[in-house]
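In our numbering, the protein residues as written are 1 to 962.
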């Protein structure tokens with residue numbers, strides 16, 4: 001019996017999948033683990049698979065209300081329970097096309113996240129009391145082979161059948177499409193999510209359909225059918241055909257759930273399985289705009305309409321229809337969820353409207369403030385009670401109220417709010433957050449209550465959780481509230497966003513006096529600091545006077561204000577007063593306040609010259625460990641790093657700035673620390689500050705901090721300049737390692753080709769032709785500049801020549817006539833003992849140099865002249881040798897090797913017949929053109945990387961610094 005039931009269920013879900021537009025290849029076979037779900041479980045997850053796709057169903061009292069949405073490659077199934085469902089089957093054996101399966105807790109629910117593989121597909125819907133998703137492996141998704149929804153001929157046939165008082169219209173699409181069917185005014189609208197012509201000649205003669213008019217947009221088709229008032233409408237799908245019935249009994253529509261979402265801006269959500277598209281239409285009779293949201297079959301509609309200030313949801317036979325008097329309403333269909341919102345949120349009734357009235361509150365229970373984010377003095381007033389007695393009474397009342405709310409969602413929340421107000425007023429922020437979080441978790445709609453968000457935001461800001469507080473204060477429920485703006489100004493000041501802080505404080509200035517004196521002082525201090533940092537010193541003075549006038553302000557808050565006053569004295573050019581105030585505050589037993597004061601003392605005493613840099617560095621090192629984890633540590637580290645840099649203690653500077661750690665960098669102002677670190681590294685290796693270091697010291701410093709190398713052209717230039725310095729002192733292995741790391745790990749395309757060209761150059765200088773070839777071949781790419789291509793050809797040919805592959809080298813050079821190619825070609829001819837062609841190229845390279853007889857030849861020119869003379873002699877080309885001798889014999893007297901030049905130009909026979917072949921062998925060995933190539937290459941590389949400019953003078957290094 002159970003087997004028959006299971007087979008029937010599989011058959012039903014297969015038919016439902018086909019009706020929803022899924023290509024079903026074979027009945028789904030349930031996995032062994034999923035074949036028999038436990039009846040009655042709130043969440044039942046069933047898994048079945050065939051050759052085409054895997055179906056996952058979510059059934060049960062909770063599972064059947066799951067919501068499905070897709071975010072990129074992530075398919076998110078939101079299940080309305082905080083208990084994580086059993087997904088072990090999916091994790092152990094993920095369906096085809098799914099890379100990862102994970103669960104995560106969210107507010108009042110659990111989300112199952114399926115990460116799809118690249119190219120995988122998913123479809124979703126609801127049928128037979130379950131929500132289903134179909135998962136397709138890459139390449140198997142039905143969209144790839146999805147047939148056209150428009151029948152052959154380009155038009156959708158529309159047939160009509162009139163019977164009794166009903167008219168039935170059938171739209172015969174070629175494949176399933178989404179639709180919306182509803183009545184608006186004196187007409188029925190039928191909207192499809194595909195564009196097509198409607199072939200309606202037969203329908204035009206049938207009852208109400210005679211006056212139907214249709215229009216097609218870029219991705220939709222809309223039909224307007226005038227009907228008599230009170231006439232019903234229903235819709236159903238049969239495969240790919242939609243049948244609309246006008247008149248007769250109206251079938252009660254269902255399947256769309258409307259809810260409220262207060263997580264960010266107040267919005268409405270409609271849970272509608274198979275939602276496909278939002279179509280905005282203009283009514284030709286009225287002229288207003290409205291939206292229709294189409295959905296796939298099976299039928300689902302809204303039984304009764306809903307109306308708010310911003311929109312109206314019309315009753316529908318299928319899909320959704322939305323009217324709005326606004327011009328900024330957004331209707332977004334994502335998976336099974338349709339979200340209706342406005343930029344500043346919808347104007348809806350408070351979530352507390354449906355709650356029961358609270359019982360008479362305790363006489364001394366904290367009352368709500370006039371503003372949702374205010375903290376008022378009455379909340380901390382204990383009256384004649386002790387703290388423990390008052391706390392216990394409020395706690396018990398909150399617990400009783402919470403217990404009742406677990407059974408009755410209409411239970412009041414006043415007792416829990418009163419308890420939270422008391423905790424906030426007493427400065428117990430952590431405890432208040434716990435109470436408010438529990439309230440929202442128990443009744444999620446309460447996150448749309450302004451006071452709940454305001455109280456929780458205030459508690460979070462008070463304990464330094466500024467990001468969480470900002471999320472609360474950004475809620476649509478608090479939009480436009482001036483007390484919220486005060487808190488936003490305070491948070492902005494803590495994040496060093498001074499301009500935003502001043503704007504927010506100005507917007508909330510009218511309610512600051514309604515806060516407790518303690519918070520008035522804190523807000524005034526934060527506002528004064530923002531005024532100081534933005535240069536408004538007059539405003540800062542007035543704000544500090546306001547702070548000092550507050551009664552009963554605690555000592556820590558007064559000292560914090562004095563720190564701001566000391567900073568004001570600095571900017572007012574009153575260093576003596578500022579220093580005295582800093583020293584006074586520095587004696588406080590509170591490290592969080594005394595540390596920034598000591599930093600101010602160090603800064604001012606250094607400026608006055610009474611504190612030497614070494615002493616200042618020692619004091620800052622001590623301060624760095626005295627207070628950790630906030631903007632004070634950040635300021636100390638930045639000051640210490642700048643001091644080390646000014647002393648030329650580069651390693652200590654980089655180590656100090658880098659050691660701050662990720663927790664400090666993400667603090668407000670942490671981006672400046674990272675900027676200091678990046679700028680210091682750039683100054684060293686891009687602006688030449690490290691030129692005064694020994695090359696080995698510079699290399700060690702670079703490798704220890706090379707993760708700071710910027711991506712892009714600046715990083716490439718750093719590496720090339722450092723490599724140039726290593727090449728200058730013949731540290732070729734180290735230079736090659738540096739360039740190779742850059743080419744292998746950081747670059748691609750043209751940038752990699754350029755660095756690899758330099759790497760091949762270094763390998764050739766180091767007599768490593770195989771590695772040079774590997775560097776060139778591994779970085780081949782298209783569309784390189786002509787000059788770079790020529791340079792790479794010459795280097796490849798030189799490497800092949802070094803390996804003795806002369807013919808291959810000449811093939812690489814082909815007809816390249818660039819100077820570098822001629823150099824290599826001459827070398828190859830010389831090694832092949834083709835004396836005449838080699839000598840001709842060497843003479844050609846000299847050009848008209850013989851005309852400048854007053855300027856001595858360079859070493860490279862002497863080598864070429866000697867090889868040209870020797871080559872012509874060995875080739876027995878007397879005419880060419882005589883020409884060469886006539887042009888260059890006058891250079892011998894001023895040459896570095898006068899005897900070598902005379903012998904080369906005299907030839908084997910010589911002027912006196914004494915020339916010997918062994919003399920020519922000695923000359924050939926001495927005229928080392930390879931050494932000349934290395935020298936020329938170094939000079940060219942030095943010029944490209946700025947090495948011909950004067951080096952930055954070295955600053956004294958600390959003992960032991962590398």
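The C-beta atom is built at its ideal place from N, Cα and C for all residues, glycine as well.
On a Cα-Cα basis, can you pick out the residue from the options that is closest to residue i?
i, options, result
"residue 159", "245, 99 and 195", "245"
"residue 979", "772, 906 and 752", "For residue 979 there is no data in the structure shown, the boundaries of the chain being 1 and 962."
"residue 878", "515, 746 and 840", "840"
"residue 714", "492, 681, 587 and 692", "681"
"residue 278", "300, 833 and 337", "337"
"residue 333", "67, 726, 571 and 743", "67"
"residue 736", "752, 756, 883 and 793", "756"
"residue 241", "275, 161, 149 and 269", "149"
"residue 631", "495, 75 and 776", "495"
"residue 80", "388, 93 and 104", "104"
"residue 212", "200, 220, 221 and 218", "200"
"residue 182", "231, 175 and 164", "231"
For a test of the three-state rule: what should DSSP assign to residue i, helix, strand or coil?
i, result
"residue 364", "coil"
"residue 379", "helix"
"residue 830", "helix"
"residue 498", "helix"
"residue 238", "strand"
"residue 339", "strand"
"residue 132", "strand"
"residue 171", "strand"
"residue 879", "helix"
"residue 189", "strand"
"residue 408", "coil"
"residue 855", "coil"
"residue 257", "strand"
"residue 609", "coil"
"residue 108", "coil"
"residue 48", "strand"
"residue 721", "helix"
"residue 300", "coil"
"residue 243", "strand"
"residue 579", "helix"
"residue 55", "strand"
"residue 802", "helix"
"residue 77", "strand"
Can you name, in chain order, every residue of its own chain whose Cβ lies under 7 Å from the Cβ of residue i, other than the five neighbours on each side?
i, result
"residue 324", "310 and 311"
"residue 118", "138"
"residue 447", "262, 263, 440 and 453"
"residue 812", "793, 796, 797 and 800"
"residue 280", "289 and 291"
"residue 1013", "Look at the range of the chain in this structure, 1 to 962, and you will see that residue 1013 is not part of it."
"residue 466", "491, 494 and 495"
Using beta carbons (cut-off 8 Å, strictly below), is residue i in contact with chain C?
i, result
"residue 168", "Protein chain content of the structure displayed is limited to a single chain, and chain C is not contained in it."
Tell me residue i's beta-bridge partners as DSSP assigns them.
i, result
"residue 214", "223"
"residue 155", "197"
"residue 290", "281 and 323"
"residue 824", "In DSSP, residue 824 forms no bridge with anything."
"residue 330", "341"
Who are the near neighbours of residue i in its chain, counting only those whose CB is closer than 6 Å to its CB and skipping five residues on each side?
i, result
"residue 890", "853"
"residue 78", "67, 109 and 111"
Can you tell me the Cβ-Cβ gap for residue i and residue j, rounded? I've got them flagged as a contact below 8 Å.
i, j, result
"residue 237", "residue 129", "19 Å between Cβ atoms; not a contact."
"residue 156", "residue 171", "6 Å"
"residue 319", "residue 292", "6 Å"
"residue 569", "residue 558", "With a Cβ gap of about 16 Å, residue 569 and residue 558 do not count as contacting."
"residue 627", "residue 595", "4 Å"
Using a Cβ-Cβ cutoff of less than 8 Å, which residues in the same chain neighbour residue i once the five nearest sequence positions on both sides are dropped?
i, result
"residue 424", "375, 379, 432, 455, 458, 459 and 462"
"residue 564", "525, 528, 529, 532, 540 and 544"
"residue 822", "841, 844 and 845"
"residue 404", "411"
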